[in-house]
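Engineer: Below: one structure in structure tokens.
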């Protein structure tokens with residue numbers, strides 16, 4: 690790891706620490722916190738992508754991740770009768786994100802270690818999302 694990468698990692702770590710203090714204070718749904726954790730991790734990785742991948746596939750992943758987060762936040766504040774539509778939309782965005790991240794690995798933009806770190810959070814969020822969908826009235 691060169692000096693520039695270490696500096697980015699240190700800055701990313703400091704940003705995560707500041708962000709953790711903020712998110713702990715406003716008691717969101719656990720799935721929102723976990724999705725924010727995924728975003729912070731992805732954000733640190735995307736800086737290391739080659740330029741062409743960062744601004745195309747990397748940006749698409751970031752967009753889908755932020756859209757998922759937005760829909761989950763909206764759903765967390767809606768009455769139970771109105772949540773289903775937002776959560777199903779979030780699930781669709783999240784499924785697309787999973788495919789794009791897998792593509793990053795297959796194209797060797799993400800190495801195995803980073804992919805597994807992302808995949809671990811993705812699996813947790815997927816289980817939470819599936820549970821939330823099953824718990825809602827049809």
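In the working numbering, the protein residues as written are 690 to 827. Think of the CB as a built atom: it goes at the ideal place given N, C-alpha and C, for glycine as much as any other residue.
#1: For the alpha helix (DSSP H) holding residue 783, just list the boundary residues, first then last.
#2: Along the alpha helix (DSSP H) that carries residue 809, what are the first and last residues, could you check?
#3: Is residue 811 closer than 8 Å to residue 782 when the C-beta atoms are compared?
#4: Nearest CA to the CA of residue 796: which residue from 776, 813, 722 and 746?
#5: Please name the residue, chosen from 772, 748, 777 and 765, that lies closest to residue 732 on a Cα-to-Cα basis.
#6: Can you tell me where the alpha helix (DSSP H) holding residue 736 begins and where it ends?
#7: For residue 765, report the span of its alpha helix (DSSP H) as first-last.
#8: Between 805, 804, 776 and 754, which has its C-alpha nearest residue 824's C-alpha?
#9: Could you check whether residue 779 and residue 807 sit closer than 8 Å to each other, using their CB atoms as the reference points?
#10: Once DSSP output is grouped into helix, strand and coil, what is the label at residue 742?
#11: CB residue 644 to CB residue 720, shorter than 8 Å?
#12: Near residue 742, what residues of its chain come up, given a Cβ to Cβ distance below 7 Å and the 5 sequence neighbours on each side ignored?
#13: How many angstroms separate the CA atom of residue 730 from the CA atom of residue 809?
Structural biologist: Looking at the coordinates:
#1: Here residue 783 refers to the residue found at position 94 of the chain shown. 769 to 795 is the extent of the alpha helix (DSSP H) around residue 783.
#2: Reading the chain shown from its first residue, position 120 is the one you call residue 809. 801 to 824 is the extent of the alpha helix (DSSP H) around residue 809.
#3: Residue mapping note: residue 782 aligns to position 93 of the chain shown, counting from 1. Residue mapping note: residue 811 aligns to position 122 of the chain shown, counting from 1. No, Cβ-Cβ distance for residue 782 and residue 811 is not below 8 Å.
#4: Counting from 1 along the chain shown, the entry for residue 796 is found at position 107. The closest CA to that of residue 796, considering only 776, 813, 722 and 746, is found on 746.
#5: As a working note, residue 732 is residue 43 in the chain shown. It is 748.
#6: Looking up residue 736 in the chain shown gives position 47. For residue 736, there is no enclosing alpha helix (DSSP H), since its DSSP letter is neither H nor E.
#7: Locating residue 765 in the chain shown gives position 76, counting from the first residue. 746 to 766 is the span of the alpha helix (DSSP H), which, as asked, contains residue 765.
#8: Taking the first residue of the chain shown as position 1, residue 824 is located at position 135. Nearest C-alpha to residue 824: 776.
#9: One-based indexing of the chain shown puts residue 807 at position 118. One-based indexing of the chain shown puts residue 779 at position 90. No. Outside cutoff.
#10: As a position in the chain shown, residue 742 is number 53, starting the count at 1. Of the three classes helix, strand and coil, the one that applies to residue 742 here is helix, per DSSP.
#11: Residue 644 lies beyond the stretch modelled for the chain, which goes from 690 to 827, so this question has no answer here.
#12: On the chain shown, position 53 is the one that residue 742 refers to. Excluding the 5 residues flanking it on each side, residue 742 has same chain C-beta neighbours closer than 7 Å at 798, in chain order.
#13: Position 41 of the chain shown, counting from 1, holds the residue named residue 730. Position 120 of the chain shown, counting from 1, holds the residue named residue 809. The alpha-carbon of residue 730 is positioned some 11 Å away from that of residue 809.
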